[in-house]
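According to my numbering, the sequence shown is numbered sequentially starting from 2. Contents: one structure, followed by commentary.
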Amino acid sequence: MIIEVKKLEKEFGTLRAVNNISFNVKEGEIFGLLGPNGAGKTTTVKMLTTLVKPTKGTATVAGYDIIKDSNNVRKSIGIVFQDPSLDDELTGRENLEFHAILYNIGKKERKKRIQEAFKLVELEDKADVLVKNYSGGMKRRLEIGRGLLHEPKVLFLDEPTVGLDPQTRRHIWDYIQKLSKEKKVTLILTTHYIEEADYLCNRVAFIDHGKIVALDTPKVLKDKLGGDVVSLQINSGIERLKSEFRKKKYVKTISNRDGFLELTVDEGEKKIPEIMATAQKLGIEVSSVNLHKPSLEDVYIYYTGKTIRDEGGEGWKGMMRSRMRQR
Ligand SMILES: Nc1ncnc2c1ncn2[C@@H]1O[C@H](COP(=O)(O)OP(=O)(O)O)[C@@H](O)[C@H]1O
Ligand SMILES: [Mg+2]
2 MIIEVKKLEK
12 EFGTLRAVNN
22 ISFNVKEGEI
32 FGLLGPNGAG
42 KTTTVKMLTT
52 LVKPTKGTAT
62 VAGYDIIKDS
72 NNVRKSIGIV
82 FQDPSLDDEL
92 TGRENLEFHA
102 ILYNIGKKER
112 KKRIQEAFKL
122 VELEDKADVL
132 VKNYSGGMKR
142 RLEIGRGLLH
152 EPKVLFLDEP
162 TVGLDPQTRR
172 HIWDYIQKLS
182 KEKKVTLILT
192 THYIEEADYL
202 CNRVAFIDHG
212 KIVALDTPKV
222 LKDKLGGDVV
232 SLQINSGIER
242 LKSEFRKKKY
252 VKTISNRDGF
262 LELTVDEGEK
272 KIPEIMATAQ
282 KLGIEVSSVN
292 LHKPSLEDVY
302 IYYTGKTIRD
312 EGGEGWKGMM
322 RSRMRQR
């Protein structure tokens, strides 16, 4: 295990920002911490990167204790922060040179690694342009390249695509995957984008109010929820149909919103005829049917009772989760 986290906690006054978390990360993994703003992701990263001292617990990174052996931890890691930390008045190359000098990388080696970094993040033709003329996506790529210059074993990426447009975000995802494959570096990333965690991470920990509420591969998390979601669009009679479905043993959960009735059932594709017949028998018209596997978002809602976007709102999805739990 390249990272072992043991009962880590961080308190700020009376606030427990990180609450007794434990997890391990395997070498070469892309490991994600997924949670809403304020969940404790950055604080966790700061503790693992020795920037913040834990209140309780400990961790090892690349075999070194974050408290007793912080110098060696620092030598083994790279960090790309949530907030940009480039010098706008310098060129891309100058920014990387500055970083390489900080890490005592000799002149010849420096030149070679900087060239490699520009190649990896495809900024070779922008190397000598002032960073203030870079786009947001280019800056993020430069930071990723910079984070790799001293060849760390572990690279931390705190919200690597926050503030970028969806197209640029996709682009950054490709670089992250590419460097995971080509550099064999272990990646720890934090995000509040569910699709990002789903797309990139080998394993993901859901973090909510400083606690890990679930941890596994996105696939296993989705499979655990089980079954299929059948979504029916209905203009009228939704309540009548709901109470009818409550009597059916094969329906695991029921919820409705905005004229859609959602049922969780096993082998959804086989149950659709029966579901349609039930509606027809009651004279209720179904104007569309959709069948999908639970998404990572469905799983997130199940564990936290809310969507990641509307923090605090126990909306219809929260209700769905409590119903699932009751069963
Ligand atoms: N230096 C600090 N002093 C006081 N409270 C802090 C400090 N840093 C973070 N917090 C609080 O700790 C909680 C977790 O913050 P953070 O780790 O930044 O969450 P995330 O990165 O998941 O958005 C938040 O409530 C935040 O306001
Ligand atoms: Mg953060």
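Yeah, the Cβ is synthetic: ideal placement off N, Cα and C, and Gly gets one too.
Bridge partner(s) assigned by DSSP for residue i
{"i": "A198", "result": "Answer is none; A198 lacks a bridge partner."}
{"i": "I3", "result": "In the DSSP output, where bridge partners are listed per residue, I3 has none listed."}
{"i": "A40", "result": "The partner list for A40 (beta bridge, DSSP) is empty, contrary to what the question assumes."}
{"i": "Q234", "result": "F261, S289"}
{"i": "F207", "result": "L35, A215"}
{"i": "S256", "result": "E263"}
{"i": "T45", "result": "T45 is not bridged to any residue."}
{"i": "N21", "result": "Partner(s): none; N21 has no beta bridge."}
{"i": "K225", "result": "According to DSSP, K225 bridges with nothing at all."}
{"i": "F13", "result": "L16"}
{"i": "L103", "result": "In DSSP, L103 forms no bridge with anything."}
{"i": "L188", "result": "I31, L156"}
{"i": "V53", "result": "Its beta-bridge partners do not exist; DSSP assigns none."}
{"i": "V300", "result": "DSSP, once it has assigned bridges, lists no residue as partnering V300."}
Whole-Å CB distance - residue i paired with residue j, under 8 Å assumed
{"i": "I235", "j": "F24", "result": "That belief does not hold up - the Cβ atoms of I235 and F24 are roughly 43 Å apart, past 8 Å."}
{"i": "N96", "j": "V132", "result": "6 Å"}
{"i": "T61", "j": "E5", "result": "5 Å"}
{"i": "Y251", "j": "V266", "result": "5 Å"}
{"i": "V19", "j": "L9", "result": "6 Å"}
{"i": "V205", "j": "Q83", "result": "Actually they are not in contact, since the Cβ atoms of V205 and Q83 sit about 18 Å apart, beyond 8 Å."}
{"i": "G138", "j": "T169", "result": "4 Å"}
{"i": "K109", "j": "L149", "result": "Wrong, their Cβ atoms sit about 18 Å apart, outside the cutoff."}
{"i": "A63", "j": "I145", "result": "Contact flag wrong, Cβ pair sits at about 19 Å."}
{"i": "K233", "j": "L262", "result": "Looking at the sequence itself, residue 233 is Leu, so the reference to Lys does not match. Sure, about 5 Å apart at Cβ, within 8 Å."}
{"i": "L292", "j": "D229", "result": "6 Å"}
{"i": "V122", "j": "R142", "result": "4 Å"}
{"i": "L242", "j": "A280", "result": "6 Å"}
{"i": "K329", "j": "P85", "result": "Outside the displayed range of the chain (2 to 328) lies residue 329, so it cannot be described from this structure."}
{"i": "G58", "j": "K7", "result": "5 Å"}
{"i": "E90", "j": "I115", "result": "About 18 Å; that fails the 8 Å criterion."}
{"i": "L49", "j": "I68", "result": "L49 to I68, Cβ: 11 Å. No contact."}
{"i": "I338", "j": "L201", "result": "This structure leaves residue 338 out entirely; the chain is present only between 2 and 328."}
{"i": "A391", "j": "R111", "result": "The structure shown does not extend to residue 391, since the chain is modelled only from 2 to 328, so the question has no answer here."}
Any chain C beta carbon closer than 8 Å to residue i
{"i": "S289", "result": "Given the protein chain composition of this structure (a single chain), no chain C is represented."}
(request) Count the C-beta pairs between the stretch 170-189 and the stretch 28-37 that are closer than 8 Å, then say yes if the count reaches three, no if not. (result) yes
(request) For ligand 1, enumerate in chain order all residues having a CB closer than 6 Å to any of its heavy atoms. (result) Those residues, listed in chain order, are F13, L16, A18, G36, N38, G39, A40, G41, K42, T43, T44.
(request) Answer yes if the stretch 152-163 comes into contact with the stretch 73-85, meaning at least three C-beta pairs across the two stretches below 8 Å, and no otherwise. (result) The stretch 73-85, when compared against the stretch 152-163, does touch it at the 8 Å Cβ threshold.
(request) Identify every run of the alpha helix (DSSP H) within the stretch 57-94, keeping only runs that are complete inside it and at least 4 residues long; order them along the chain. (result) 71-77
(request) Assess, as a yes-or-no matter, whether the stretch 289-306 is touched by the stretch 196-214 under the definition of 3 or more beta carbon pairs within less than 8 Å. (result) Verdict: yes, contact present.
(message) Would you call the stretch 166-178 in contact with the stretch 202-210, where contact means no fewer than 3 C-beta pairs closer than 8 Å?
(response) no
(message) Is it the case that the stretch 235-249 contacts the stretch 278-291, given that we only count it when at least three CB pairs across the two stretches are under 8 Å?
(response) They touch, by the three-pair rule.
(request) Give, in chain order, every unbroken run of the alpha helix (DSSP H) that is at least 4 residues long and sits entirely within the stretch 113-166. (result) 137-148
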